[in-house]
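K.L.:
Quick one: structure below, then a few questions.
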Amino acid sequence: MCPVVVTAMLLCMAVACGTTSIEEDSNTVEEEIIEKEPIVVGFSQLGAESDWRSANTQSMKSSFTGLDGYTMIFDDGQQKQANQIMAIRKFIQQEVDYIVLAPVTENGWDTVLQEAKDANIPVIIVDRRVNVEDESLFVCW
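Heads up, the sequence shown is in the working numbering, so the first residue is 1 and it goes up one at a time.
What follows is the structure, given as structure tokens:
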């Protein structure tokens with residue numbers, strides 16, 4: 001056989017093998033994505049007292065979607081800290097992956113945020129800050 005023909009045949013075989021490998025790797029990645037559980041986020045919004053707050057809620061709902069790998073559990077605190085504390089405790093019982101809190105007030109969060117920390121659920125504070133003795137009770141603001 002001519003060296004050019006042999007080289008061409010080897011090149012075709014190498015390309016075909018490489019393509020098969022890539023397809024197999026792609027299928028494996030797709031299967032892993034499909035089988036992955038969604039990240040569950042509990043979001044306690046303080047209320048809907050303004051257009052900004054309503055837009056903030058809608059932004060969260062459109063960000064934490066199933067298409068993006070999330071499930072969001074939403075709770076409207078109706079301008080009451082007691083409602084938000086109850087919501088956080090429900091999120092802890094539901095074993096969410098993250099808690100997002102838009103606090104109605106700065107004070108009074110130490111106990112419930114400690115409960116979340118004890119359950120190994122990171123808390124993210126949005127909009128307003130919280131005033132707690134131990135700032136490790138939330139992961140960021």
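Think of the CB as a built atom: it goes at the ideal place given N, C-alpha and C, for glycine as much as any other residue.
Smallest Cα separation from E115: which of D127, S136 and V126?
P.N.:
As a working mapping, residue 115 is identified with position 115 in the sequence shown. Out of D127, S136 and V126, S136 has the C-alpha closest to the C-alpha of E115.
K.L.:
Looking only at its chain, what residues have a beta carbon closer than 7 Å to the beta carbon of I92, apart from the 5 residues adjacent to it on each side?
P.N.:
Counting from one through the sequence shown, the residue named residue 92 turns up at place 92. Closer than 7 Å at the Cβ level, and outside the excluded window around I92, lie E115, A116, A119 and I121.
K.L.:
Using the C-alpha atoms, what's the distance from T57 back to D127?
P.N.:
The residue you call residue 127 lines up with position 127 of the sequence shown. The residue you call residue 57 lines up with position 57 of the sequence shown. Taking the straight line from one Cα to the other gives about 11 Å.
K.L.:
Restricting to runs no shorter than 3 residues, where is the beta strand (DSSP E) found entirely within the region 24-93?
P.N.:
Segments of the beta strand (DSSP E) lying fully in the region 24-93: 39-45 and 70-76.
K.L.:
Can you tell me the Cβ-Cβ gap for G147 and I73, rounded? I've got them flagged as a contact below 8 Å.
P.N.:
Residue 147 cannot be examined here, being either before or after the span of the chain that is shown, 1 to 141.
K.L.:
Quick check: A82 and Q45, are their CB atoms within less than 8 Å of each other?
P.N.:
Taking the sequence shown and counting its residues from 1, one reaches residue 82 at position 82. Taking the sequence shown and counting its residues from 1, one reaches residue 45 at position 45. No, they are not a contact pair.
K.L.:
In whole angstroms, give me the CA-to-CA distance for A87 and D76.
P.N.:
In the sequence shown, the residue the question calls residue 87 occupies position 87. In the sequence shown, the residue the question calls residue 76 occupies position 76. The alpha-carbon of A87 is positioned some 9 Å away from that of D76.
K.L.:
Quick one: is D51 buried, meaning 16 or more other Cβ sit within 10 Å of its Cβ, or exposed?
P.N.:
Here the question's residue 51 lines up with position 51 in the sequence shown. The residue in question, D51, is exposed, as its Cβ has fewer than 16 Cβ neighbours within 10 Å.
K.L.:
If W109 sits next to V130, beta carbons under 8 Å apart, how far is it from one beta carbon to the other, in whole angstroms?
P.N.:
By 1-based counting over the sequence shown, the position of residue 109 is 109. By 1-based counting over the sequence shown, the position of residue 130 is 130. Contact holds; Cβ gap of about 5 Å.
K.L.:
Starting from the C-beta of W141, find all residues in its chain whose C-beta is less than 6 Å away, skip the five residues before and the five after it, and write them out in chain order.
P.N.:
Stepping through the sequence shown from its first residue, residue 141 is reached at position 141. If we look at W141 and ignore the five residues flanking it on each side, its Cβ neighbours are I125 and R129.
K.L.:
So, is L113 buried or exposed, given that buried needs 16 or more other C-beta atoms within 10 angstroms?
P.N.:
As a first step, residue 113 is located in the sequence shown; it is residue number 113 there, counting from the start. Counting Cβ neighbours within 10 Å, L113 comes out buried, since at least 16 surround it.
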